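For what it's worth, my numbering labels the leading residue of the sequence shown as 4, then goes sequentially. Heads up, the beta-carbon is just placed ideally off N, CA and C, and yes, glycines get one too. As the structure is a prediction and not an experimental result, all values here were calculated from the model. In what follows, a structure is listed as structure tokens, so that the remarks can point back to it.
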Amino acid sequence: MSPIDTPNAPAAIGPYSQAMRAGDLLFVSGQLPIDPATGEFASEDAVGQMRQCLKNIAAIAEAAGTDISKTVKTTILLTDLSGFAELNEEYGKAFQAPFPARACYEVAALPKGALVEIEAVIGC
């Protein structure tokens, strides 16, 4: 196993790695919608936050020598599923068929008050 760390995605805010490569798979930790250049949320709305989460995942994948198009599975955590249609549309812009497997859950709260968090498993 080898850890992946890039300044092009937010630094881990706890005792974990941005991602771990294990064999031919990259396990990306849950990404909050933090812009790594500012350390702040990129947006106050859920769609903009989803866009930043996906940008962070793409940056980590690139640092590992792969790319987001090789995503096998994602898990999306949302604090409000009522805007799911708009979020699903934004999510769809990041991927092409065949789309990754996915789970999506509504949760009571996310770190730092985020509205969206996404983790991913990506092929290397």
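Alpha carbon of residue i to alpha carbon of residue j, nearest angstrom
i, j, result
"residue 117", "residue 82", "8 angstroms"
"residue 97", "residue 56", "11 angstroms"
"residue 127", "residue 77", "15 angstroms"
"residue 59", "residue 111", "23 angstroms"
"residue 188", "residue 7", "No answer is possible for residue 188: the residues shown for the chain start at 4 and end at 127."
"residue 125", "residue 20", "15 angstroms"
"residue 95", "residue 68", "23 angstroms"
"residue 10", "residue 91", "28 angstroms"
"residue 17", "residue 53", "21 angstroms"
"residue 30", "residue 74", "10 angstroms"
"residue 89", "residue 51", "10 angstroms"
"residue 71", "residue 12", "14 angstroms"
"residue 27", "residue 65", "14 angstroms"
"residue 4", "residue 47", "36 angstroms"
"residue 80", "residue 93", "15 angstroms"
"residue 36", "residue 122", "12 angstroms"
Buried or exposed by the 16-neighbour rule on C-beta atoms within 10 Å, applied to residue i
i, result
"residue 108", "exposed"
"residue 114", "exposed"
"residue 84", "exposed"
Identity of the residue in the options nearest residue i by Cα
i, options, result
"residue 63", "48, 53, 33, 85", "33"
"residue 14", "38, 4, 5", "38"
"residue 119", "17, 86, 49", "49"
"residue 106", "114, 115, 87", "87"
Residues that DSSP places opposite residue i in a beta bridge
i, result
"residue 126", "28"
"residue 6", "23"
"residue 81", "109, 119"
"residue 3", "No answer is possible for residue 3: the residues shown for the chain start at 4 and end at 127."
Any chain B beta carbon closer than 8 angstroms to residue i
i, result
"residue 88", "Looking for chain B here will not work: only one protein chain is present."
Evaluate the contact criterion for the stretch 23 to 42 versus the stretch 85 to 102: three or more CB pairs, one atom per stretch, below 8 angstroms. no
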